[in-house]
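Data first, discussion second: the structure below is written as structure tokens.
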Amino acid sequence: MKTSKFYISTLREAPNEAVIASHKLMLRAGITRKLGNGLYTYLPLGLRSLRKLEQIIRDEWDASGALEFKPTVIVPGEIWKESGRWETMGAQMLKAKNRGEQDMVVSPTAEEAYTAIVRDGLSSYKQLPVNFYQINTKYRDEIRPRYGVMRGREFIMADGYSMNADDESLDKSYKDYEVAYFRIFKRLGLKIIPVKADSGAMGGSGSEEFMVESPIGDDTLIICPKCGYAANAEKAACARDVAVNNEGKPQVKTDLPYELVETPNVFSIEDMEKFFNSTPKMFIKALVYRVINCGIDLSKAPGSENLKHVKDPAGDYYPLSYACVLIRADLDVNEAKLAAALKASEVVLADDEEVRAISGAPHGFVGPVSVKAPLIVDYSVVTTNDDGSFEAQMHDAIAGSGKEGYHIKHVEPLRDFVPFINTDVRLVKAGDKCECCGETFYQKKGNELGHIFKLGKKYTESMHVTFLGENGKPQVPTMGCYGIGVDRTLASIIEANNDEHGIIWPMSVAPFQVCIVPIKYEGAMKEAADKIYAELEKAGIEVLLDDRAERPGVKFADMELIGIPLRITVGDKNLPNVEFKPRAAEKAELVPVEEVSSKAVEFVRNALSELSAD
72 MKTSKFYIST
82 LREAPNEAVI
92 ASHKLMLRAG
102 ITRKLGNGLY
112 TYLPLGLRSL
122 RKLEQIIRDE
132 WDASGALEFK
142 PTVIVPGEIW
152 KESGRWETMG
162 AQMLKAKNRG
172 EQDMVVSPTA
182 EEAYTAIVRD
192 GLSSYKQLPV
202 NFYQINTKYR
212 DEIRPRYGVM
222 RGREFIMADG
232 YSMNADDESL
242 DKSYKDYEVA
252 YFRIFKRLGL
262 KIIPVKADSG
272 AMGGSGSEEF
282 MVESPIGDDT
292 LIICPKCGYA
302 ANAEKAACAR
312 DVAVNNEGKP
322 QVKTDLPYEL
332 VETPNVFSIE
342 DMEKFFNSTP
352 KMFIKALVYR
362 VINCGIDLSK
372 APGSENLKHV
382 KDPAGDYYPL
392 SYACVLIRAD
402 LDVNEAKLAA
412 ALKASEVVLA
422 DDEEVRAISG
432 APHGFVGPVS
442 VKAPLIVDYS
452 VVTTNDDGSF
462 EAQMHDAIAG
472 SGKEGYHIKH
482 VEPLRDFVPF
492 INTDVRLVKA
502 GDKCECCGET
512 FYQKKGNELG
522 HIFKLGKKYT
532 ESMHVTFLGE
542 NGKPQVPTMG
552 CYGIGVDRTL
562 ASIIEANNDE
572 HGIIWPMSVA
582 PFQVCIVPIK
592 YEGAMKEAAD
602 KIYAELEKAG
612 IEVLLDDRAE
622 RPGVKFADME
632 LIGIPLRITV
642 GDKNLPNVEF
652 KPRAAEKAEL
662 VPVEEVSSKA
672 VEFVRNALSE
682 LSAD
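Taking my numbering, the leading residue of the sequence shown gets 72, the next gets one more, and so forth.
Listed below in structure tokens is the structure:
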């Protein structure tokens with residue numbers, strides 16, 4: 072391709088809104104252009120890289136046995152109502168009505184579409200597993216889109232879906248995709264950190280994220296340097312530590328009844344430490360949460376009378392209930408774990424009015440013995456033994472009383488209160504101990520590029536999917552879901568491969584593999600440039616010849632900004648030699664015109680070989 076027949080649109084400076092490297096460089100290099108808030112257009116240069124990335128995903132998913140399909144972007148709202156996510160996806164989901172007043176959805180994801188399509192043709196176990204994938208446009212109405220295509224409103228996702236006869240078959244599909252993910256990211260030149268993750272709104276029994284380390288990452292990764300345990304902070308678990316008193320010893324169980332203590336001007340944990348002259352490991356912290364779309368039956372739990380409905384900004388009515396979390400006071404609540412434990416779409420700290428209504432006191436004085444809400448008790452306070460029995464982890468503790476200006480001491484878990492749900496809701500941090508080997512965790516920031524889920528029967532049951540098993544009886548299949556954020560992956564490649572001059576593309580996704588830059592496209596320089604260009608094209612190399620009537624400095628700056636992996640410079644002072652300069656190299660070397668094409672072909676093939684997943 073010659074630049075005279077291509078569209079090169081570079082910028083010397085990035086717009087002020089661009090604050091991260093990938094966003095700046097994608098705009099400056101003419102990879103993308105902003106059309107609206109969170110909406111980006113790929114220009115021809117960027118589209119070449121995007122399509123290469125998509126093809127790498129196709130290659131590996133095809134090799135794993137998956138088949139590509141193409142669902143629509145606009146889907147009937149009816150199938151989202153079947154799955155139950157019409158109510159739970161919230162304001163992120165863009166809804167509309169067609170001229171027939173039917174509810175429609177601009178797809179934020181495609182579980183419902185896949186399930187509905189396969190359901191209509193599935194009859195026998197002999198058809199399973201059904202393993203489809205699609206690379207398609209999605210839309211989520213992000214409250215605060217940022218970082219360019221890293222977090223846009225419209226985006227491209229590669230989504231794989233498997234429908235399986237049983238859990239053993241699902242495990243195999245899950246493993247096949249996991250292997251394919253490693254192959255994909257190897258070919259893209261990205262170092263991936265696989266981590267255990269929270270399934271969130273997708274649901275299901277288990278999931279794993281594929282992360283890249285990034286200082287602007289949305290996620291915090293908890294990592295063990297010894298055994299390799301790695302998890303998103305939303306999912307991470309740690310070894311349990313014993314609550315100790317000021318002497319560093321576990322507190323002993325007391326027979327004293329809990330006692331009301333007046334605590335004027337004591338509001339925070341720090342205030343309690345000073346007033347009681349005690350470590351926060353002896354305090355029980357109680358936090359009231361508003362629970363949206365709770366999937367647990369709270370009707371038999373204390374506080375069930377607090378169930379009501381509220382109207383969200385989109386106009387939908389969401390079931391609302393409350394729960395009180397008890398956790399050791401030196402620890403923090405992991406709200407993703409809490410939402411998962413309650414099978415809720417969201418949990419939010421209750422406001423002052425709600426807290427007073429439920430606990431009888433404001434924040435800081437909420438107590439476990441008087442609150443009118445189900446108690447969700449963290450393992451730092453009470454644990455569950457293998458036989459299902461509870462075991463207190465704290466003794467002779469101090470807690471809020473449910474009366475403003477007062478706390479209670481000599482609190483004994485299981486005597487003075489009993490959990491409605493006993494589970495891990497602790498936020499794990501650097502410095503906590505690994506539950507696998509006991510080593511100390513460290514943490515780093517990361518960006519999620521891919522996520523695989525074992526969805527189980529969340530969608531097949533709600534959408535009434537069945538097949539006839541080998542025994543001739545109807546059975547419900549189980550499902551898996553496997554996603555890669557295509558735009559985010561492309562941006563992450565740029566985040567990991569750039570310098571002060573611009574992008575440094577890996578050969579596998581570079582828009583062109585080689586660029587030829589004649590100082591002037593005339594005379595002997597034109598003749599040499601055309602000869603090299605023709606030889607590289609014949610060899611199957613993707614080459615861009617800069618035939619613009621621009622100053623050499625402009626051409627060099629543009630090619631470095633765009634990031635083409637190899638530049639061949641043709642100048643009259645060096646002929647019959649030309650400059651051979653890999654984008655990441657500091658200096659160029661002189662190579663005879665007669666040899667440069669074969670050297671360039673070898674360079675390209677070696678670079679691709681290094682990125683090969685085989």
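Idealized CB from N, CA, C, for every residue including glycine.
* Asked: What residues in its chain sit with their C-beta under 8 angstroms from that of residue 536, if we drop five residues either side in the sequence?
  -> Within the same chain, residue 536 has close Cβ partners 186, 189, 190, 193, 234, 530, 547 and 548.
* Taking C-beta to C-beta, are residue 614 and residue 123 nearer than 7 angstroms? -> No Cβ-Cβ contact shorter than 7 angstroms links residue 614 with residue 123.
* Can at least three beta-carbon pairs, one atom from the stretch 505-518 and one from the stretch 163-182, be found at a separation below 8 angstroms? -> Contact annotation: the stretch 505-518 does not touch the stretch 163-182, with fewer than three C-beta pairs closer than 8 angstroms.
* Asked: Based on Cα-Cα distance, which residue from 592, 525, 653 and 571 lies nearest to residue 95?
  -> It is 571.
* Just grab the DSSP bridge partners of residue 538 for me. => Answer is 546, bridged to residue 538.
* From which residue to which residue does the beta strand (DSSP E) around residue 471 run? -> Note, residue 471: beta strand (DSSP E), 468-471.
* For residue 635, which residues from the same chain have a beta carbon less than 8 angstroms from its beta carbon, with the 5 sequence-adjacent residues on both sides left out? -> Same-chain partners within the cutoff: 576, 581, 582, 583, 584, 585, 586, 615 and 654.
* Excluding the five sequence neighbours on either side, which residues of its own chain have a C-beta within less than 7 angstroms of the C-beta of residue 274, listed in chain order? -> Because the pLDDT of residue 274 is 46, which lies under 50, any placement of that residue in the model is unreliable, and the number read from its coordinates should be weighed accordingly. The beta carbon of residue 274 is closer than 7 angstroms to those of 526 and 529 in its chain, skipping five residues each way along the sequence.
* beta strand (DSSP E) segment containing residue 652, residue limits -> Counting along the chain, residue 652 sits inside the beta strand (DSSP E) bounded by residues 648-653.
* Asked: In angstroms, rounded to a whole number, what distance separates the CA positions of residue 589 and residue 683?
  -> Each residue's alpha carbon lies about 32 angstroms from the other.
* To do: Determine, using beta carbons only, whether residue 219 and residue 72 come nearer to each other than 7 angstroms.
  => Residue 72 sits away from residue 219, with the two beta carbons spaced by 7 angstroms or more.
* Is DSSP giving residue 572 helix, strand or coil here? -> DSSP, reduced to helix, strand and coil, places residue 572 outside both helices and strands of the structure shown, so it counts as coil.
* Would you be able to state if there are at least three C-beta pairs under 8 angstroms between the stretch 134-144 and the stretch 666-683? => Counting C-beta pairs with one atom in each stretch, the stretch 666-683 and the stretch 134-144 have fewer than three that are closer than 8 angstroms, which means they do not touch.
* Measure the beta-carbon distance from residue 329 to residue 429 and round it to whole angstroms, keeping in mind my assumption that it falls under 8 angstroms. => With 8 angstroms as the limit, residue 329 and residue 429 do not qualify as a contact, their Cβ atoms being about 20 angstroms apart.
* To do: With a threshold of 16 other CB atoms inside 10 Å of the CB of residue 320, please say whether the residue is buried or exposed.
  => By the neighbour-count criterion, in which 16 or more other beta carbons inside 10 Å mark a residue as buried, residue 320 falls on the exposed side.
* Asked: Rounded to the nearest angstrom, how far is the Cβ of residue 109 from that of residue 216, given a contact under 8 angstroms?
  -> Cβ-Cβ separation between residue 109 and residue 216: approximately 3 angstroms, consistent with a contact (criterion under 8 angstroms).
* **Helix, strand or coil at residue 282 according to DSSP, with G and I counted as helix** => The answer is strand: DSSP assigns residue 282 an E or B state.
* Please work out which residues of its chain come closer than 7 angstroms, Cβ to Cβ, to residue 647, disregarding the five sequence neighbours upstream and downstream, and give them in chain order. => Beyond the five residues adjoining it in sequence on each side, residue 647 comes within less than 7 angstroms, by CB distance, of 663 and 664 in the same chain, given in chain order.
* Compute the Euclidean distance between the alpha carbons of residue 172 and residue 148, then round it to the nearest angstrom. => Their Cα atoms are separated by approximately 11 angstroms.
* Which residues share a DSSP beta bridge with residue 39? -> Because residue 39 is not part of the residues shown, which for the chain are 72 to 685, the question remains open.
* DSSP three-state call for residue 611: helix, strand or coil? -> Reduced to three states, the DSSP call for residue 611 is coil.
* Using alpha carbons as the reference points, say which of 402, 326 and 336 lies closest to residue 354. => Ranking the options by Cα distance to residue 354, first place goes to 402.
* Assigned exposure category for residue 365 - 16 Cβ within 10 Å defines buried -> Around the beta-carbon of residue 365, 16 or more other beta-carbon atoms lie within 10 Å, marking it buried.
* Proximity below 7 angstroms, CB of residue 678 to CB of residue 578 -> It is a contact, given that the beta carbons lie within the stated cut-off.
* Asked: Should residue 632 go down as buried or exposed, given a rule of 16 or more other Cβ atoms within 10 Å for buried?
  -> With 16 or more Cβ atoms within 10 Å of its Cβ, residue 632 is classed as buried.
* Proximity to residue 200 [Cα-Cα], best of 135, 315 and 118 -> Comparing C-alpha distances from residue 200 to each of 135, 315 and 118 shows the shortest one belongs to 135.
* Asked: Among 524, 278 and 491, which residue has its Cα nearest to the Cα of residue 21?
  -> Past the edges of the chain, shown from 72 to 685, lies residue 21, and the structure says nothing about it.
* Do residue 367 and residue 420 have their C-beta atoms within less than 7 angstroms of each other? -> Cβ atoms of residue 367 and residue 420: not closer than 7 angstroms.
* Beta-bridge partners of residue 395, as assigned by DSSP -> Paired residue(s): 359 and 446.
* **Rounded distance between the beta-carbons of residue 426 and residue 433, thought under 8 angstroms** => Your pair residue 433 and residue 426 checks out as a contact, with CB atoms roughly 6 angstroms apart and the cut at 8 angstroms.
* To do: Provide the residue(s) that pair with residue 195 in DSSP beta bridges, ordered along the chain.
  => Residue 195 pairs with 539.
* Length of the line joining the Cα atoms of residue 204 and residue 101 -> Residue 204 and residue 101: Cα-Cα distance of roughly 30 angstroms.
* To do: Would you give the residue range spanned by the beta strand (DSSP E) that residue 333 belongs to?
  => Note, residue 333: beta strand (DSSP E), 330-333.
* Any idea if residue 86 is buried or exposed, counting beta-carbon neighbours within 10 angstroms, 16 or more meaning buried? -> In summary, residue 86 is exposed, with fewer than 16 beta-carbon neighbours lying within 10 Å of its beta-carbon over all protein chains present.
* To do: Please classify residue 760: is it buried, with 16 or more other beta-carbons within 10 angstroms of its beta-carbon, or exposed?
  => In the structure displayed, the chain extends from 72 to 685; residue 760 sits before or after that span and is not available.
* Asked: Looking only at C-alpha atoms, which of 464, 256 and 522 sits nearest to residue 685?
  -> Looking at the Cα atoms, 256 is the closest of the given residues.
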